[in-house]
Amino acid sequence: MTSIVDSRSEPARRGTPSGLTTVTRAPGWLRYALLVVGLAVALWLPNGLYPAVAVDILCWALFAVAVDLLLGFTGLLSFGHAAFWGVSAYVTGLVAIHLGLPFPAAVLAGAFAAAVLAVPIGYLAVRRTGIYFAMVTLAFAQLVYYVANEWRSVTQGENGLQGVPRELFGLDLTDDYYFYYAILPIVLLGLAGAWRIVHSPFGRVLVGIRDNPARARALGYPVHRYKLTIFVLSGFVAGLGGGLFAVSHRFVSLEVLHWTTSGKAVIVVVLGGIGTLWGGVLGAGIVVRLEDWLSFSGFEAIGLVTGGLFVLVVLLFRRGIWGTASALARRWWAARRD
Numbered sequence: 003m004t005s006i007v008d009s010r011s012e013p014a015r016r017g018t019p020s021g022l023t024t025v026t027r028a029p030g031w032l033r034y035a036l037l038v039v040g041l042a043v044a045l046w047l048p049n050g051l052y053p054a055v056a057v058d059i060l061c062w063a064l065f066a067v068a069v070d071l072l073l074g075f076t077g078l079l080s081f082g083h084a085a086f087w088g089v090s091a092y093v094t095g096l097v098a099i100h101l102g103l104p105f106p107a108a109v110l111a112g113a114f115a116a117a118v119l120a121v122p123i124g125y126l127a128v129r130r131t132g133i134y135f136a137m138v139t140l141a142f143a144q145l146v147y148y149v150a151n152e153w154r155s156v157t158q159g160e161n162g163l164q165g166v167p168r169e170l171f172g173l174d175l176t177d178d179y180y181f182y183y184a185i186l187p188i189v190l191l192g193l194a195g196a197w198r199i200v201h202s203p204f205g206r207v208l209v210g211i212r213d214n215p216a217r218a219r220a221l222g223y224p225v226h227r228y229k230l231t232i233f234v235l236s237g238f239v240a241g242l243g244g245g246l247f248a249v250s251h252r253f254v255s256l257e258v259l260h261w262t263t264s265g266k267a268v269i270v271v272v273l274g275g276i277g278t279l280w281g282g283v284l285g286a287g288i289v290v291r292l293e294d295w296l297s298f299s300g301f302e303a304i305g306l307v308t309g310g311l312f313v314l315v316v317l318l319f320r321r322g323i324w325g326t327a328s329a330l331a332r333r334w335w336a337a338r339r340d
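This is how it looks when you write it as structure tokens:
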């Protein structure tokens, strides 16, 4: 059976390459160089920034990559991913508080809870496309928000879960600097898993479904099943970020389930570059650092600045910051080879 992403005759292949195609066409030495630079930046980050801000960047990077798995590589815009981010945060907090497990185990429990929740939501949502898919995910997220707000005996309602421990076999992780390096391996594994997904045959089929779902269905690919699978995987990655966010702040509030949290994740992905995967990481760094700088400067209308930045990037960099840089680098490399 001919793969829908291997066919060179499709008009989509002659158009703007996806983030997957962009990464694949990059020379090997460049990919390894970017990997080394990225790891160096990750190791340096808490030394150049306030450690708590660096931790938030890692958490939001996972969240943005989870959203991009759907939006960039499957063509599904979700406005309800705060449900998975928030449910994982609550489950992680409850497990850490009541069972006293090490925080990596609590975070994994939260991520699996998010993945389980993604199954019924995804089963109903992936049968819709476009704005209808976005509205269905938003509706389910608001339902989860309502349940969390009313189930006060478990979630503590508006008071939130307080005193989430950072237990790790007796190690003192109260300092955000050391906590950053404790969660860094988990974040890197999550990012590596996302990278492996999009660079696998499964990921290539997702790109084909995004570009031409009718042809994918005609070739025998179970489109709904593929969409549901990536929806659940995306929920799991978002859950990893949400669980780490809960442990890092040692507090879980209803804000983690609010629809604005989903909207912020989408903005982060668009700023970095849809379908680039690593653009979400860059976008998370920009947004979190900008919000921190504005809050410390005493500026209250933070949303006005981030919204203005979003509009500016959309108008000037239609592929996002990382996407535009990748496109320019690809043109330079093609011209150099010719």
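Be aware that the sequence shown starts at 3, since it is given in my numbering, and climbs by one per residue.
Where is the CB? At the ideal position from N, CA and C, for every residue including glycine.
As the structure is a computational prediction, the values presented were derived from the model and not from experiment.
The alpha helix (DSSP H) runs of length 4 or more contained entirely in the segment 24-107 are, from start to end of the chain, 30-50, 53-76 and 84-100. Exclusion of the five residues before and after Gly102 leaves Glu169 as the residues of its chain whose Cβ lies within less than 7 Å of its Cβ. Nearest to Val316 by C-alpha distance, out of Leu119, Val271, Leu242 and Ala107, is Val271. Leu208 and Ala329 have their C-alpha atoms roughly 21 Å apart. Taking a C-beta distance under 9 Å as the contact criterion, Val138 and Gly82 qualify as a contact pair. In this structure Ser299 is not in contact with Gly162, their Cβ atoms being roughly 27 Å apart against a cut-off of 8 Å. Scanning the segment 244-329 for uninterrupted alpha helix (DSSP H) segments of 4 residues or longer gives 261-274, 280-298 and 304-318, listed from N- to C-terminal end. Looking at the DSSP output, Gln158 shares a beta bridge with no other residue. Of the residues assessed, Ser297 falls on the exposed side of the cut-off, its CB having fewer than 16 other CB atoms within 10 angstroms. Between Arg291 and Val307, the alpha-carbon positions lie close to 13 Å from each other.
Where Pro167 is concerned, there is no enclosing alpha helix (DSSP H), because DSSP gives it neither an H nor an E. Measuring C-alpha to C-alpha distances from Gly95 to each of Ala63, Leu119, Ser80 and Gly165 identifies Gly165 as the nearest. With contacts defined by Cβ atoms closer than 9 Å, Gly74 and Ile276 form a contacting pair. Distance between Lys266 and Val93, taken at the CA atoms: about 22 Å. Between Leu221 and Ala63, the C-beta gap is not smaller than 9 Å, which leaves the two residues out of contact.
DSSP, read as helix, strand or coil, puts Ser202 in coil. DSSP, read as helix, strand or coil, puts Pro122 in helix.
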